[in-house]
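A.B. asks: Here's a structure for you.
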């Protein structure tokens, strides 16, 4: 064989790209669930922020499964529901299984997201659950009086100013809020029951808003096993490659522009820190 023939034999044939592997696509759902993310979309989850990552994940040609990597203390119930419903819609359209993996915490809305998966796994130290509803705020009436500030509020509609932080709290407003919480809690319980079915233990503690570590969460039926994403995916799909589905970066991030306005950024940081701190994080 001539030198030219030897060199030619080593060149790849046109269209010969080797065997294409199956894919397990990973979508990272990290942060507080909120409808108002920062302009850089860092550390927050909502449908607008994760839509592109979800569509990319489910668009792989040789897709075997989609893995959700969840690390969230929860947040807005509506965004939790919207993201979870979008995951189920895509999973049904593509007819592929969805696996969820809890990291530090998959609590409240974070667990709502996990229930969009067909199976849920967690690390033995992960905090899982918090099937309940919470809201909080501040009352500034004493502060206004101290500085001699007069509150002027004009409404049309008897209940338009419910829970106004600059007005004294009314018992009827608190009762209204508790009813709203009760309705949201029922929806949460219905969703978990629908998705987990007879895997749930039936324990009275399931829906009291508490959280559990991985092993106890298995006993309660909140998750299917203890294990990490790479461990479970490698065992389940040994011939597949793991592909991270990244969301499209917002315009400000692509332009390399820094943080949003300082006051807004500080307020967001405080709110997000409060959400994480409930779980010691």
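Numbering (full-length UniProt numbering), first residue to last: 1 to 281.
The beta carbon of each residue, even a glycine, is placed where N, CA and C say it ideally should be.
#1: Whole angstroms is fine: what's the gap from residue 238's alpha carbon to residue 189's?
#2: What are the start and end residues of each continuous alpha helix (DSSP H) run of 4 or more residues lying completely inside the stretch 24-66, in chain order?
#3: What whole-angstrom Cβ distance do residue 107 and residue 129 have, given they're in contact under 8 angstroms?
#4: Might you give, ordered along the chain, the residues of its own chain that have their beta carbon closer than 8 angstroms to the beta carbon of residue 47, omitting 5 neighbours on each side?
#5: Measure the CB-CB distance between residue 25 and residue 243 and report whether it falls below 7 angstroms.
#6: Can you say whether residue 134 is buried or exposed, counting buried as having 16 or more other CB atoms within 10 angstroms of its CB?
#7: I'd like to check one pair, residue 152 with residue 116: are the Cβ atoms closer than 7 angstroms?
#8: Using the DSSP secondary-structure output, state which residues sit across from residue 243 in a beta bridge.
#9: Return the CA-CA distance between residue 205 and residue 113, expressed in angstroms with no decimal places.
#10: For the beta strand (DSSP E) that contains residue 101, what are its first and last residues?
#11: Around the Cβ of residue 232, are there at least 16 other Cβ atoms within 10 angstroms (buried) or fewer (exposed)?
#12: With respect to the alpha helix (DSSP H) encompassing residue 81, which residues constitute its N-terminal and C-terminal limits?
#13: Measure the beta-carbon distance from residue 184 to residue 77 and round it to whole angstroms, keeping in mind my assumption that it falls under 8 angstroms.
#14: Based on the DSSP secondary-structure assignment, which residues constitute the bridge partners of residue 122?
#15: With DSSP as the reference, label residue 110 as helix, strand or coil.
#16: Look at residue 90 and residue 58 and say whether their C-beta atoms are less than 7 angstroms apart.
#17: Excluding five sequence neighbours on each side, which residues of the same chain lie with their C-beta closer than 7 angstroms to the C-beta of residue 70?
#18: Considering Cα atoms alone, identify which of 162, 147 and 148 is closest to residue 154.
#19: Expressed to the nearest angstrom, what Euclidean distance is found between the alpha-carbon atoms of residue 174 and residue 72?
#20: If the criterion is Cβ atoms closer than 7 angstroms, does the pair residue 122 and residue 223 meet it?
#21: Can the beta-carbon of residue 22 be found closer than 7 angstroms to that of residue 64?
#22: Report yes if the CB atom of residue 126 is closer than 7 angstroms to the CB atom of residue 247, and no otherwise.
#23: So is residue 67 buried or exposed if we call it buried at 16+ other beta carbons inside 10 Å?
#24: Can you list, in chain order, the residues of its chain whose CB lies under 7 angstroms from that of residue 54, leaving out five sequence neighbours each side?
#25: What residues match up with residue 212 in a beta bridge as DSSP calls it?
#26: Give a yes or no on whether the C-beta atoms belonging to residue 209 and residue 132 are separated by under 7 angstroms.
#27: Applying the criterion that 16 or more other CB atoms from any shown protein chain within 10 Å of the CB defines a buried residue, is residue 230 buried or exposed?
#28: Give the secondary structure of residue 143 by DSSP, where H, G and I count as helix, E and B as strand, and everything else as coil.
C.D. replies: The structure says:
#1: As a position in the chain shown, residue 238 is number 238, starting the count at 1. As a position in the chain shown, residue 189 is number 189, starting the count at 1. Just so you know, the alpha carbons of residue 238 and residue 189 end up roughly 35 angstroms apart.
#2: Qualifying alpha helix (DSSP H) stretches, in chain order: 47-57.
#3: Here the question's residue 107 lines up with position 107 in the chain shown. Here the question's residue 129 lines up with position 129 in the chain shown. So it is a contact: roughly 6 angstroms between Cβ atoms.
#4: Start at 1 with the first residue of the chain shown, and residue 47 comes out as number 47. The beta carbon of residue 47 lies closer than 8 angstroms to those of 79, 82, 83 and 86 in the same chain, with the five residues before and after it left out.
#5: Position 25 of the chain shown, counted from the start, is the residue given in the question as residue 25. Position 243 of the chain shown, counted from the start, is the residue given in the question as residue 243. Less than 7 angstroms separates the beta-carbon of residue 25 from that of residue 243.
#6: The residue given as residue 134 occupies position 134 in the chain shown. The residue in question, residue 134, is exposed, as its Cβ has fewer than 16 Cβ neighbours within 10 Å.
#7: Within the chain shown, numbered from 1, the residue matching residue 116 stands at position 116. Within the chain shown, numbered from 1, the residue matching residue 152 stands at position 152. No, these two residues do not count as a Cβ contact at 7 angstroms.
#8: In the chain shown, residue 243 corresponds to position 243, counting from 1. Its beta-bridge partners are 25.
#9: Along the chain shown, read from residue 1 onward, the residue named residue 205 stands at position 205. Along the chain shown, read from residue 1 onward, the residue named residue 113 stands at position 113. Rounded to the nearest angstrom, the gap between the Cα atoms of residue 205 and residue 113 is 20 angstroms.
#10: To locate residue 101, count along the chain shown from 1; it is residue 101. Unbroken beta strand (DSSP E) run through residue 101: 98-107.
#11: One-based indexing of the chain shown puts residue 232 at position 232. Of the residues assessed, residue 232 falls on the buried side of the cut-off, its CB having 16 or more other CB atoms within 10 angstroms.
#12: As a working note, residue 81 is residue 81 in the chain shown. For residue 81, the enclosing alpha helix (DSSP H) stretches over residues 77-94.
#13: As a first step, residue 184 is located in the chain shown; it is residue number 184 there, counting from the start. As a first step, residue 77 is located in the chain shown; it is residue number 77 there, counting from the start. Indeed they touch by this definition, with Cβ atoms about 6 angstroms apart.
#14: In the chain shown, residue 122 corresponds to position 122, counting from 1. Note: residue 122 sits in a beta bridge opposite 102 and 226.
#15: One-based indexing of the chain shown puts residue 110 at position 110. Note: residue 110 maps to helix in three-state DSSP.
#16: The count along the chain shown starts at 1 and reaches residue 90 at position 90. The count along the chain shown starts at 1 and reaches residue 58 at position 58. In this structure, residue 58 lies closer than 7 angstroms to residue 90 by Cβ.
#17: Position 70 of the chain shown holds residue 70. Counting only Cβ-Cβ distances below 7 angstroms, and skipping sequence neighbours, we find 29, 100, 101, 102, 103, 106, 110, 113 and 114.
#18: What you label residue 154 is simply residue 154 of the chain shown in a count that begins at 1. Of 162, 147 and 148, the residue nearest in Cα terms is 162.
#19: Taking the first residue of the chain shown as position 1, residue 174 is located at position 174. Taking the first residue of the chain shown as position 1, residue 72 is located at position 72. Cα-Cα distance, rounded: 28 angstroms.
#20: Counting from one through the chain shown, the residue named residue 122 turns up at place 122. Counting from one through the chain shown, the residue named residue 223 turns up at place 223. For the 7 angstroms CB-CB criterion, residue 122 and residue 223 form a contact.
#21: Here residue 22 is taken as the residue at index 22 of the chain shown, counted from 1. Here residue 64 is taken as the residue at index 64 of the chain shown, counted from 1. Yes, the pair counts as a contact, with Cβ atoms nearer than the cut-off.
#22: On the chain shown, residue 126 is found 126 positions in, with the first residue counted as 1. On the chain shown, residue 247 is found 247 positions in, with the first residue counted as 1. The Cβ atoms of residue 126 and residue 247 lie no closer than 7 angstroms to each other.
#23: Position 67 of the chain shown, counted from the first residue, corresponds to residue 67. The residue is buried, with at least 16 neighbouring Cβ atoms inside 10 Å.
#24: As a first step, residue 54 is located in the chain shown; it is residue number 54 there, counting from the start. So the qualifying residues of the chain are 27, 86, 87 and 90.
#25: Stepping through the chain shown from its first residue, residue 212 is reached at position 212. The secondary-structure analysis by DSSP pairs residue 212 across a beta bridge with 128.
#26: Stepping through the chain shown from its first residue, residue 209 is reached at position 209. Stepping through the chain shown from its first residue, residue 132 is reached at position 132. Contact: yes.
#27: Reading the chain shown from its first residue, position 230 is the one you call residue 230. Around the Cβ of residue 230, a 10 Å sphere holds fewer than 16 other Cβ atoms; the residue is exposed.
#28: The residue given as residue 143 occupies position 143 in the chain shown. Of the three classes helix, strand and coil, the one that applies to residue 143 here is helix, per DSSP.
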